[in-house]
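Colleague:
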Amino acid sequence: SLFINCIFRIFAHKKQMFKNMMLVGFGSFFGGVVRYLVTRMLAAMVVSPYPFGTFAVNVLGCFIIGFVSALPVGSSLSPNTRLLLTTGLCGGFTTFSTFMNENATLLKDGMPTTALLYTFASLLVGFLAVIGGQQVARIF
């Protein structure tokens, strides 16, 4: 059956899968720690209801993932390093669920204009950061 074939393929490659899971887990751990530190640092520096910390890590994460994804396959990045940096690091570093929760909190707290500004700025600047990362990657 198709299900049994899928299970067989998973276990046939379990050593590689375990290695990939460890790379993603390590990258996610590091990304989450850096996100925590950056958001705490910015919260201490800028007193505002606007969530600058989450905004900053999302933009930086967009730039990083844009840069890494635009590097040619077979470049100086191995597939393992690419996995570590994109799925792992950027996955743990960027914060879509936090972004949505902060928007819901802004709305609940009666700040719809701030929520709207935050949403559109995050989308626009995040998109531009991905494009910027891709452009910088072309230099390498």
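Every letter in the sequence shown is one number past the one before it in my numbering, and letter 139, counting from 1, is 128.
Built from N, CA and C at the ideal position, the CB exists for glycine as well.
1. The alpha helix (DSSP H) with Ser17 in it runs from where to where?
2. Could you give the distance in angstroms between the alpha-carbon of Gly55 and the alpha-carbon of Ala118?
3. Where does Phe109 sit, in a helix, a strand or coil, going by DSSP?
4. Classify Ser111 as buried or exposed, calling it buried when 16 or more other Cβ atoms lie within 10 Å of its own Cβ.
5. What does the alpha-carbon distance come out to for the pair Thr83 and Leu12?
6. With a CB to CB cut of under 7 Å and the five nearest residues on each side skipped, what residues in its chain are close to Thr43?
7. To which residues of the same chain is Gly16 closer than 6 Å at the C-beta, ignoring the five residues directly before and after it?
8. Pro40 and Met100 - do their beta-carbons sit closer together than 8 Å?
9. For the alpha helix (DSSP H) containing Ile128, list its first residue and its last residue.
10. Relative to the C-alpha of Gln123, which residue among Leu96, Asp98, Cys51, Gly63 is closest?
11. Here's the rule I'm using: 16 or more other beta-carbon atoms within 10 Å means buried, otherwise exposed. How should Ala104 be labelled?
12. Heavy atom of the ligand FMN less than 7 Å from the Cβ of Thr103, yes or no?
13. Where do the ends of the alpha helix (DSSP H) carrying Cys79 lie?
Modeller: If we stick to the structure as given:
1. Locating residue 17 in the sequence shown gives position 28, counting from the first residue. 3 to 34 is the span of the alpha helix (DSSP H), which, as asked, contains Ser17.
2. As a working mapping, residue 55 is identified with position 66 in the sequence shown. As a working mapping, residue 118 is identified with position 129 in the sequence shown. Spanning the two alpha carbons is a distance of roughly 7 Å.
3. Mapped onto the sequence shown, residue 109 falls at position 120. Three-state result, Phe109: helix.
4. Counted from its first residue, the sequence shown places residue 111 at position 122. So Ser111 ends up on the buried side.
5. Taking the first residue of the sequence shown as 1, we reach residue 83 at position 94. Taking the first residue of the sequence shown as 1, we reach residue 12 at position 23. When rounded, the separation of the alpha-carbon atoms in Thr83 and Leu12 is 17 Å.
6. For this step, residue 43 is matched to residue 54 along the sequence shown. So the qualifying residues of the chain are Thr28, Thr84, Thr87, Phe88, Glu91.
7. As a position in the sequence shown, residue 16 is number 27, starting the count at 1. Cβ within range, chain order: Leu73, Gly77, Leu78.
8. The count along the sequence shown starts at 1 and reaches residue 100 at position 111. The count along the sequence shown starts at 1 and reaches residue 40 at position 51. No, the Cβ-Cβ distance between Met100 and Pro40 is not below 8 Å.
9. Walking along the sequence shown from the start, residue 128 turns up at place 139. That residue, Ile128, is in no alpha helix (DSSP H); it is neither H nor E in DSSP.
10. Looking up residue 123 in the sequence shown gives position 134. That would be Cys51, whose Cα lies nearest to the Cα of Gln123.
11. Against the sequence shown, residue 104 aligns to sequence position 115. Label assigned to Ala104: buried.
12. With respect to the ligand FMN, the structure offers nothing, as it holds no ligand at all.
13. By one-based count along the sequence shown, residue 79 stands at place 90. Segment: none, Cys79 is in no alpha helix (DSSP H) and carries neither H nor E.
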